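Engineer: Protein sequences, first through last, are from chains A and B.
So for the first sequence, the working numbering puts the first residue at 70; every next one is plus one.
So for the second sequence, the working numbering puts the first residue at 148; every next one is plus one.
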Amino acid sequence: MEYVTDKKEIILDKELNNLDKFVLEFTELLDEYVVVSGYVSILFGRSRMTEDVDLLIPFMPKKEFQDIWKKLLDNDFWCINTSDVNEAFDMLKEHAIRFSKENMPIPNMKFKIMKNEIEKFAYENKIKVIIGGKILFISPLELQVAYKLHLGSEKDLEDARYLYNLFKDKINKEELDYSIEKLGVNDKRRFIENGKHKRY
Amino acid sequence: MGSIKDIKVDLKELEKEKEKNFQERLNFIDFWTEYVKKNPDKEWSKHQKLLIDNQI
Chain A
70 MEYVTDKKEI
80 ILDKELNNLD
90 KFVLEFTELL
100 DEYVVVSGYV
110 SILFGRSRMT
120 EDVDLLIPFM
130 PKKEFQDIWK
140 KLLDNDFWCI
150 NTSDVNEAFD
160 MLKEHAIRFS
170 KENMPIPNMK
180 FKIMKNEIEK
190 FAYENKIKVI
200 IGGKILFISP
210 LELQVAYKLH
220 LGSEKDLEDA
230 RYLYNLFKDK
240 INKEELDYSI
250 EKLGVNDKRR
260 FIENGKHKRY
Chain B
148 MGSIKDIKVD
158 LKELEKEKEK
168 NFQERLNFID
178 FWTEYVKKNP
188 DKEWSKHQKL
198 LIDNQI
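#1: Find the nearest neighbour of B/Glu181 within the set A/Phe158, A/Leu235, A/Asn241, judged by alpha-carbon distance.
#2: Pairing CB atoms from the stretch 222 to 235 of chain A with CB atoms from the stretch 102 to 114 of chain A, are three or more of them under 8 Å?
#3: Between A/Val104 and A/Leu124, which are expected to be in contact by the criterion C-beta below 8 Å, what is the C-beta distance as a whole number of angstroms?
#4: Where in the stretch 186 to 267 of chain A do unbroken runs of the alpha helix (DSSP H), each at least 4 residues long, occur, reported from the N-terminal end onward?
#5: Does the beta carbon of A/Lys251 come closer than 8 Å to any beta carbon on chain B?
#6: Spatial neighbours of A/Val73 within its chain, please: C-beta separation below 8 Å, excluding the five flanking residues on both sides.
#7: List the whole-angstrom C-beta distance separating B/Gln170 from A/Ser116, where the pair is believed to meet the contact cut-off of C-beta under 8 Å.
#8: Quick check on A/Met160: does DSSP put it in helix, strand or coil?
#9: Counting contacts by CB-CB distance shorter than 8 Å, is B/Leu198 in contact with chain A?
#10: Quick check: is the beta carbon of B/Val183 nearer than 8 Å to any beta carbon in chain A?
#11: Go through its chain and collect everything with a Cβ distance to A/Asp89's Cβ below 8 Å, but skip five positions before and after it.
#12: Quick check on DSSP: helix, strand or coil for A/Ser116?
#13: The alpha helix (DSSP H) that contains A/Leu102, what's its start and end?
#14: Give the straight-line distance between the Cα atoms of A/Arg268 and A/Phe134, rounded to the nearest whole angstrom.
#15: For B/Lys163, which residues from the same chain have a beta carbon less than 8 Å from its beta carbon, with the 5 sequence-adjacent residues on both sides left out?
#16: Under the three-state reduction of DSSP, which class applies to B/Val156: helix, strand or coil?
#17: Which of the three DSSP states is assigned to A/Glu78 in this structure?
#18: Quick check on the DSSP output: the beta strand (DSSP E) that includes A/Phe134 runs from which residue to which?
#19: Go to A/Lys181, then tell me how far its beta strand (DSSP E) extends in each direction, as first and last residue.
#20: Using the C-alpha atoms, what's the distance from B/Ile199 back to A/Leu212?
#21: Taking Cβ-Cβ distances shorter than 8 Å, what residues in chain B pair up with A/Lys83?
#22: Thinking C-beta only, is A/Phe168 closer than 8 Å to A/Leu141?
#23: Is there at least one Cβ from chain B nearer than 8 Å to A/Gly221's Cβ?
#24: Leaving out five residues on either side along the sequence, give the residues of the same chain with a beta carbon under 7 Å from the beta carbon of A/Tyr192.
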């Protein structure tokens, strides 16, 4: 893989697995989004599976959501939460809704409107990944590492460590420091930087 | 058959075991990171594809 930092672009020549295919098939139906959290680590090779992929979108008016809904259904996706587009739109104001391929609940896309500053930052500073002739937008790696430290489960700490070590030479250290500070996880820095760890 | 109520559980020992297990997992992650760095995308992704496709 090649990370061209000044273009905020990563070129990935991997053999696509079924999870990658699911994500690419879904995201190519959208114009504006950013993929965040666990799948970002998996995209770059982390040896684990996930049942859901987190995707953030900017707020959109109902008409725009109805268009996306139709496009998704036309491409054999369905919403796990409800079959009613209006209900789905109302739910989206409160929490994420999930889409999967019809009658295949796993994997699914956790579709959420970005609300807080961190989520907006991830969207506005997204990285372009060129993969299998397609384009995928993901959250900036520095924020991703810090966010995983913030989540803090063993799986999340492992994801943070993996991403950090994989991109150690390319990561913007200053941005990482700010991200870690903003998320208040300075005490967890040792999980990505040292050889020895104490979980608690 | 014995009952679980009859055994002694050393919670400190279990905690140590959990820590050891986590450390061991981190060691594997470091190994795998190096593997991904040193090999072409097509190579490491073949292994990942096996793992993921078998679960979906």
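For every residue, glycine included, the Cβ atom is placed at its ideal position computed from N, Cα and C.
It should be emphasised that the depicted structure is a prediction, and the values quoted were computed from it without experimental measurement.
Structural biologist: Short version:
#1: A check of alpha carbon separations from B/Glu181 across A/Phe158, A/Leu235, A/Asn241 identifies A/Leu235 as the nearest.
#2: Taking a cut-off of 8 Å on C-beta distances, the stretch 222 to 235 of chain A touches the stretch 102 to 114 of chain A, as three or more cross pairs fall below it.
#3: Yes, A/Val104 and A/Leu124 are in contact; Cβ-Cβ is about 5 Å, under 8 Å.
#4: Those alpha helix (DSSP H) runs which fall completely within the stretch 186 to 267 of chain A and span 4+ residues are 186 to 193, 210 to 220, 223 to 235, 242 to 251, 259 to 262.
#5: A/Lys251 has a beta carbon lying at 8 Å or more from every beta carbon in chain B.
#6: Hits under 8 Å: Ile79, Ile80.
#7: About 17 Å separates the Cβ atoms of B/Gln170 and A/Ser116, ruling out a contact at the 8 Å cut-off.
#8: DSSP places A/Met160 within a helical segment (H, G or I) once states are collapsed to three.
#9: For B/Leu198, a Cβ of chain A is located within less than 8 Å of the residue's own Cβ.
#10: For B/Val183, the nearest CB of chain A lies under 8 Å from its own CB, placing it at the interface with that chain.
#11: Same-chain partners within the cutoff: Lys83, Leu112, Ile200, Gly201.
#12: Coil at A/Ser116, not helix or strand.
#13: In the sequence under discussion, the amino acid at residue 102 of chain A is Tyr, which differs from the Leu named in the question. Unbroken run through A/Tyr102: none, as it is neither H nor E.
#14: With a pLDDT of 45 at A/Arg268, under the threshold of 50, the modelled position of this residue cannot be trusted, and the question is left open.
#15: Correct list: empty, nothing qualifies.
#16: In this structure, B/Val156 counts as coil in the three-state DSSP scheme.
#17: Reduced to three states, the DSSP call for A/Glu78 is strand.
#18: Unbroken run through A/Phe134 is the alpha helix (DSSP H), 131 to 143; no beta strand (DSSP E).
#19: That run of the beta strand (DSSP E) goes 173 to 182.
#20: Cα to Cα, the separation comes out at about 26 Å.
#21: Those within 8 Å of A/Lys83 in chain B are Asp188, Lys189, Trp191, Ser192, Gln195.
#22: The answer is yes: Cβ separation under 8 Å.
#23: Any Cβ of chain B closer than 8 Å to the Cβ of A/Gly221 would place that residue at the interface, and such an atom is absent.
#24: Taken in chain order, the residues that qualify are Val103, Leu125, Pro127, Met183.
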